[in-house]
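Chemist: Can you keep this structure in mind? I'll have questions shortly.
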Amino acid sequence: MKLPRLAGLVGLALAMSVASVQATTLEEVKSNGFVRAVTANEVPYGFTKEDGTAAGIGPEVAIAVLKKMGVSEIAWTVAPFGTLIPGLKARRYDFVAAEQNISPDRCKQVAFTEPNSSYGEGLLVKAGNPKKLTTYADIAKDPSLKVAVVSGANNIDFLRAVGVKDSQVVFIQANADAIATVKSRADAYAATELTVASLAKGQTEVEQVKPFTDPVVNGKPVRNYGGFAFRPEDKDLREAYNAALVEFRKSDEYKAILTNYGLSEASIKAAAEKKVADLCAGK
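Under mature numbering (1 follows the signal peptide of the UniProt record, and there is no 0), read the sequence shown as residues -23 to -1, 1 to 260, first letter to last.
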């Protein structure tokens, strides 16, 4: 049954009122004295140290940016990568600092900042690289091969794009499970170059594939651009954070954080040159 015009307007006003009440603003964050943030336990993008403090590219940049915004207290949560966006949408935290790749599909669910980092792909394999893998497409050539991927990570999209079948994929919950999985039930682990390098460091039974060729999707080598994710309705908070981030990216402090975790000058420059609007549009 069609609602009377007045009833329809009242319903619309009520919906708008509820939406505005639910939106988290910078003023509210400052009034509360803290902001709630989440990261995934994935070195070097975001993790917690033994003493419980947050570290990594995302958290350390977030801490510096929020401090410049007048927010010094952050309540950190660590969650599985695949639950970050669902948890944000469910209002369990106020933003995500895990260097998630800014993709069109994710942009339909959350509002990203401008890129904070840029990075390529990689493969972790058993020592000696017995299957002689050099790129994701090599896995597609042999249906008997298995490759591990963190559930919710966009590496699965790149694997599928070069022909890897879902029957070849072993989904794991966290980056921390990768080494054991490669040693026991997968021939490789697909992740970003920095993740793979961090996992392989100091290991004798697994190694990073070198040289590695980034997968080519839609005629272009794959490159990830990590950003911070906010709820779309929290426009005020996201815009304030984004403005502070863009300014912070010009500083030596910002560059020091990223280079400390292995990002090259070229990757830092690439992140600054790319626009979130283009990434969300798939450009």
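Cβ coordinates follow ideal geometry from the N, Cα and C atoms, glycine included.
For clarity, every value in this text was computed on a predicted model and none was experimentally measured.
How big is the Cα-Cα spacing for V139 and P188?
Modeler: Your numbering for residue 139 matches position 162 in the sequence shown. Your numbering for residue 188 matches position 211 in the sequence shown. Using only the alpha carbons, I get a separation of about 18 Å.
Chemist: With 16 other CB atoms within 10 Å as the buried threshold, where does R215 fall?
Modeler: If you number the sequence shown from 1, residue 215 lands on position 238. By the neighbour-count rule (16 or more Cβ atoms within 10 Å), R215 is buried.
Chemist: Taking the CB atoms as reference points, tell me whether S94 and E76 lie closer together than 9 Å.
Modeler: Working through the sequence shown from its first residue, we reach residue 94 at position 117. Working through the sequence shown from its first residue, we reach residue 76 at position 99. Cβ atoms of S94 and E76: closer than 9 Å.
Chemist: According to DSSP, simplified to helix, strand and coil, what is E210?
Modeler: Position 233 of the sequence shown, counting from 1, holds the residue named residue 210. DSSP places E210 in coil when its eight states are reduced to three.
Chemist: Out of T172, N195 and G196, which one is the CA nearest neighbour of A185?
Modeler: Residue numbering aside, residue 185 sits at position 208 when the sequence shown is read from its first letter. In the sequence as displayed, the identity of residue 185 is Gln instead of Ala. Out of T172, N195 and G196, T172 has the C-alpha closest to the C-alpha of Q185.
Chemist: If we count the other Cβ atoms within 10 Å of its Cβ and call it buried at 16 or more, is T90 buried or exposed?
Modeler: As a working mapping, residue 90 is identified with position 113 in the sequence shown. Buried, since its Cβ has 16 or more Cβ neighbours within 10 Å.
Chemist: What is the DSSP secondary structure of N78, reduced to helix, strand or coil?
Modeler: Residue numbering aside, residue 78 sits at position 101 when the sequence shown is read from its first letter. Here N78 sits in strand by DSSP.
Chemist: Tell me the DSSP secondary structure of Q145 in three-state form.
Modeler: Against the sequence shown, residue 145 aligns to sequence position 168. Correct three-state label for Q145: helix.
Chemist: Give every residue of the same chain whose Cβ lies closer than 8 Å to the Cβ of L(-10), excluding the five residues on either side of it in the sequence, and list them in chain order.
Modeler: The sequence position of residue -10 within the sequence shown is 14, counting from 1. Caution applies to L(-10), whose pLDDT of 39 falls short of 50 and renders its modelled position unreliable; the value that the coordinates give is listed next. Excluding residues within five positions, none has a Cβ falling inside 8 Å.
Chemist: E184 by DSSP, collapsed to three states: which one?
Modeler: Along the sequence shown, read from residue 1 onward, the residue named residue 184 stands at position 207. The answer is strand: DSSP assigns E184 an E or B state.
Chemist: Would you call S228 buried or exposed, if buried means 16 or more other Cβ atoms sit within 10 Å of its Cβ?
Modeler: Here residue 228 corresponds to residue number 251 of the sequence shown, with the count starting at 1. By the 10 Å Cβ count, S228 comes out exposed.
Chemist: Kindly confirm or deny that the region 150 to 165 and the region 116 to 131 touch, where touching means at least three C-beta pairs closer than 8 Å.
Modeler: Result yes; three or more Cβ-Cβ pairs closer than 8 Å.
Chemist: Taking DSSP as the reference, what is the three-state secondary structure of T2?
Modeler: Looking up residue 2 in the sequence shown gives position 25. Here T2 sits in coil by DSSP.
Chemist: Would you kindly report the start and end of the unbroken alpha helix (DSSP H) that includes L256?
Modeler: As a position in the sequence shown, residue 256 is number 279, starting the count at 1. Taken as a continuous stretch (DSSP letters only), the alpha helix (DSSP H) holding L256 covers V253 to C257.
Chemist: Could you compute how far the alpha carbon of A243 sits from the alpha carbon of A155?
Modeler: For the purposes of this step, residue 243 is taken as the residue at position 266 of the sequence shown. For the purposes of this step, residue 155 is taken as the residue at position 178 of the sequence shown. Cα to Cα, A243 sits roughly 28 Å from A155.
Chemist: So, Y231 versus V38, is the Cβ gap smaller than 9 Å?
Modeler: The count along the sequence shown starts at 1 and reaches residue 231 at position 254. The count along the sequence shown starts at 1 and reaches residue 38 at position 61. Yes, Cβ-Cβ distance for Y231 and V38 is below 9 Å.
Chemist: Less than 9 Å separating the beta-carbons of T1 and D191?
Modeler: For this step, residue 1 is matched to residue 24 along the sequence shown. For this step, residue 191 is matched to residue 214 along the sequence shown. Contact flag unset, no.
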